[in-house]
Structures are given as C-alpha cells and as structure tokens.
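Numbering (the working numbering), first residue to last: 17 to 251.
All C-beta atoms in this analysis are idealised placements derived from N, C-alpha and C, irrespective of residue type, glycine included.
Treat the numbers as computed from the prediction; the structure is a model and nothing was measured.
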C-alpha cells in the first residue's frame, strides 16, 4: 500500500521589526504578520504585506495581547482581549484590502495562545475578536492537540496544526518545554531534519520557523530546501 504524505506550509513570523531580512519572506509560504505590540503600526503592516505579496506567501494575521506588548496580566478580562484582537484584525484587514491582499488565517502569539489554552473564556475572546475584526471565518493555526483545538472545532472553524522546525520534540511528538535540554534546535541542519521528521508524520499542516536570532535566515532557507526536495512543501 502506498502512503501519501501530506505537504505542509512553511510559516515564518514577520513584520515586528523594520530591519528584518527580506529572505524570510522569500522562504515562507505563509507569513504570519505581527498585528500589534511595540513598533507595529499601519506602516509596518503595509510593508510586511507588500513583501509577502511579492514572495507569494499566504498572509496570516498574528494577533497579540496586550496591545502595547509585555506580559499578559493574570487577571485579564476576556472582553479586553476580544477588543484588542478585534482592533488588530480590523487594522490588518483594512491595510490588506488597500493592497489587494487576502488574509488566509489567524494565529495567536505564544503568550496569548498559552492564556487561551488555560482559560476557555480567553480562547473564546481570541476567536470572537478575530471573527469580528476580519468579518469572515478563516482557519486558526495552533498546536497539534490540546484545549485550543477543541475550542476552535466546537465553534465550527477550520484548524491548521503547526509544529516548529527549530524546537525540540519528544518521541511522542510533544514539545520539550523551554529551559529543558534539547528544547532549542542548535543548527540549520538539525532544524531541516526536524522539519522532515515532523512533516512525514502527516500530523501537521504547517511547519513553523521562529524567524529570530543569528541563524534565522539560514534555518528558514535550509528548512524550505529540505521540504521542497522531498516534495513535502505546499505552496
């Protein structure tokens, strides 16, 4: 019996600093464009969308909280999260429409995703804010399993499972927690090997690369080349 492996998208976060390498856009098939936080404004969103369009990368709205950056307060009100996510998505949609671009999916930053995973009301606030801001249903990108997947599916939305090429995984394909040995991938070659291993499980729709640090461009390029060479990259 022939087993057909699922091709994956390569997702790279962009738009959070003006000096980021343009190569990140070239290597991405999905560009998660930062919608909020320090240094993010209409100009940065416009610049990121334009570069994503030029590279034929699908555009993902990367939402965050609080709007000004920093840690999420432990007693955060779901309504505050909903309003911030809605405003970020509204701004993103407005700029995208000006540039003739389409928003393909939504993703939450890791801190916001963790807050939503721990609190159903926060999760609902993220999803409601995104829906209101974009005025349409788009897929949500998140971990392979866990509460967020259940919340999204309960709402009848599409969900794209993501794994990270530059993070370490246990044998059961769960993330090694930050701070533990093996949590971070040390080289581009290791990231590429990791990406192929994860893609071949057919559990994931998206392979992510964090897009930060001195090896960011090398890792992104090596991962893309590896996935393309094995016919595992979805455009």
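Considering only the beta carbon of each residue, do residue i and residue j sit closer than 8 Å?
{"i": "residue 158", "j": "residue 101", "result": "no"}
{"i": "residue 220", "j": "residue 183", "result": "no"}
{"i": "residue 129", "j": "residue 153", "result": "no"}
{"i": "residue 249", "j": "residue 23", "result": "yes"}
{"i": "residue 80", "j": "residue 125", "result": "yes"}
{"i": "residue 31", "j": "residue 61", "result": "yes"}
{"i": "residue 48", "j": "residue 78", "result": "yes"}
{"i": "residue 111", "j": "residue 58", "result": "yes"}
{"i": "residue 189", "j": "residue 160", "result": "yes"}
{"i": "residue 225", "j": "residue 28", "result": "yes"}
What would DSSP say about residue i, mapped onto helix, strand or coil?
{"i": "residue 135", "result": "coil"}
{"i": "residue 246", "result": "coil"}
{"i": "residue 164", "result": "helix"}
{"i": "residue 101", "result": "helix"}
{"i": "residue 18", "result": "In this prediction, residue 18 has a pLDDT of 42, which is less than 50 and means its spatial position is unreliable; what the coordinates show is noted afterwards. Looking at residue 18 - three-state DSSP - the assignment turns out to be coil, as it is neither helix nor strand."}
{"i": "residue 85", "result": "coil"}
{"i": "residue 192", "result": "coil"}
{"i": "residue 171", "result": "coil"}
{"i": "residue 229", "result": "coil"}
{"i": "residue 224", "result": "strand"}
{"i": "residue 217", "result": "coil"}
{"i": "residue 55", "result": "coil"}
{"i": "residue 251", "result": "coil"}
{"i": "residue 130", "result": "helix"}
{"i": "residue 90", "result": "coil"}
{"i": "residue 110", "result": "helix"}
Could you name the residues that DSSP lists as bridge partners for residue i?
{"i": "residue 70", "result": "Partner(s): none; residue 70 has no beta bridge."}
{"i": "residue 183", "result": "200"}
{"i": "residue 158", "result": "177"}
{"i": "residue 46", "result": "27, 74"}
{"i": "residue 122", "result": "77, 156"}
Judging by CA-CA distance, which residue of the options is the nearest neighbour of residue i?
{"i": "residue 41", "options": "35, 72, 103", "result": "72"}
{"i": "residue 85", "options": "138, 247, 127, 242", "result": "127"}
{"i": "residue 94", "options": "145, 230, 54", "result": "145"}
{"i": "residue 63", "options": "83, 33, 53, 78", "result": "33"}
{"i": "residue 206", "options": "180, 170, 123", "result": "180"}
{"i": "residue 242", "options": "250, 212, 216, 53", "result": "212"}
{"i": "residue 209", "options": "196, 245, 61, 192", "result": "245"}
{"i": "residue 239", "options": "38, 37, 21, 44", "result": "44"}
{"i": "residue 138", "options": "168, 200, 30, 216", "result": "168"}
{"i": "residue 216", "options": "191, 247, 190", "result": "247"}
{"i": "residue 196", "options": "189, 185, 203, 204", "result": "185"}
{"i": "residue 131", "options": "160, 166, 91", "result": "91"}
{"i": "residue 69", "options": "143, 120, 55", "result": "120"}
{"i": "residue 56", "options": "225, 165, 105", "result": "105"}
{"i": "residue 108", "options": "156, 226, 52", "result": "52"}
{"i": "residue 166", "options": "188, 187, 143", "result": "143"}
{"i": "residue 147", "options": "162, 190, 201, 103", "result": "103"}
{"i": "residue 203", "options": "237, 222, 193", "result": "237"}
{"i": "residue 98", "options": "140, 65, 114, 87", "result": "140"}
8 Å is my cut-off, CB to CB: does residue i come that close to chain C?
{"i": "residue 139", "result": "The structure shown contains no chain C, having only a single protein chain."}
Is residue i a contact residue of the ligand NAP, with contact defined as CB to any heavy atom under 7 Å?
{"i": "residue 115", "result": "Ligands displayed in this structure: none; no statement on the ligand NAP is therefore possible."}
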